[in-house]
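So the sequence shown is numbered by our numbering: it starts at 9 and just counts up by one. To start, the structure itself, in structure tokens.
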Amino acid sequence: MPSLFASYLRVYEPLTAFDRDRQSYWRRYVEQGRAVAPGEGPRRQQASVIEALGAGWTRLPDPPDEAYVLETDETLLICPWNLRIRVAEAALSARDGVPPVLADAFVPPVLAGQAKAVVDDWRSGARVLEHGVPRVHEQIATWGVPLRWFVLFDPEERHHVTRPDLRALRYRTEISKARRRSSRALAVLRKSVGAAPITEAVEEAARWLEEFHPRSVVELDYGGLLELLSDETLAADDSPELVAAGLAGLSRGEAEEASAAYDKLVARWRAVQLLERCN
């Protein structure tokens, strides 16, 4: 199971993005007060996946639908958990590095095949769009925030709270704005650095956003990373500004300026990643 020291990139879609049955389900879900807060969600997801993996392996488990919910004056916005995919990923991870006899005993080959098919389907954006494969509304990154995620947000979209009863740092924007920002970033990166890993990473994020309803909302949540970062560090965090500065430098052909911003950003998040190795 992944660490809870993780950040999250989520897409909340309006009810109209779902079919009629799903719309009815999500309305009842909210009316019954079942929606889960983002602060509680990761542990609930982890527990659900562990419970599903402990079930009788006659088929790939299909946990009940859960979601994060945003309520606005106009509509409900839903970010489903898509736990079936999380279970499939966990099943495949359980076989990694394990002798074949033990791997087959815990996750039989036929079920591993089902899990691989589920994971391969959602990783293919084309198949999601063409065949109605459930979209994954939440991406998870452990021990840091992928630099490509910062491309999608403006510093003014930051929401930061540090109180004894609540600590939070998130960015939230309309998906149309996130798409425009990723498109502009791609144009700069393709022109300045070509087919580099960072270009491919931003392109992957841009493709993912294309899967969702045009009135969706995109959210970057520092989530469990808050446990690793002090209030002072959170207050001083300017990662989206550094990404913007780096891209601006590249667009002007000022390689040193772009490199300085990139190096500062990488060093900051490498320090967080190194905490994984601490006792």
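All C-beta atoms in this analysis are idealised placements derived from N, C-alpha and C, irrespective of residue type, glycine included. Source: prediction; values computed, not measured.
query                                                                                                    : result
Where Arg180 sits in the DSSP three-state scheme                                                         : strand
Inter-stretch contact at 8 Å, needing at least 3 Cβ pairs: the region 206 to 217 / the region 247 to 264 : no
Cβ-based neighbour list, Glu138, same chain, cut-off 6 Å, excluding 5 preceding and 5 following          : Low per-residue confidence applies at Glu138: pLDDT is 45, beneath 50, and the placement is therefore not dependable, though the value from the model is reported in the following sentence. Cβ neighbours of Glu138 beyond the five flanking positions: none.
Rounded separation between Val38 and Val77 - CA only                                                     : 8 Å
Contact between the region 233 to 253 and the region 149 to 165 (3+ Cβ pairs under 8 Å)                  : yes
Boundaries (first-last residue) of the alpha helix (DSSP H) holding Arg35                                : Arg28 to Glu39
Ala269 and Leu242 closer than 7 Å at C-beta                                                              : no
Minimum C-alpha distance to Phe26 - residue among Ala149, Val201, Arg198 and Thr83                       : Thr83
Short CB-CB distance (under 7 Å) between Gln40 and chain C                                               : Of the protein chains in this structure there is only one, and it is not chain C.
Whole-angstrom C-beta distance between Asp229 and Ser15, which should lie under 8 Å                      : 7 Å
Residue nearest to Asp173 in terms of C-alpha spacing, selected from Ala43, Gly47 and Trp34              : Gly47
CB contact flag (Thr181, Glu165, <7 Å)                                                                   : yes
Straight-line gap, Val19 to Gly202 (C-alpha atoms, nearest Å)                                            : 28 Å
Beta-carbon gap between Val144 and Asn90 smaller than 7 Å                                                : yes
Alpha-carbon spacing of Arg30 relative to Arg36, whole angstroms                                         : 10 Å
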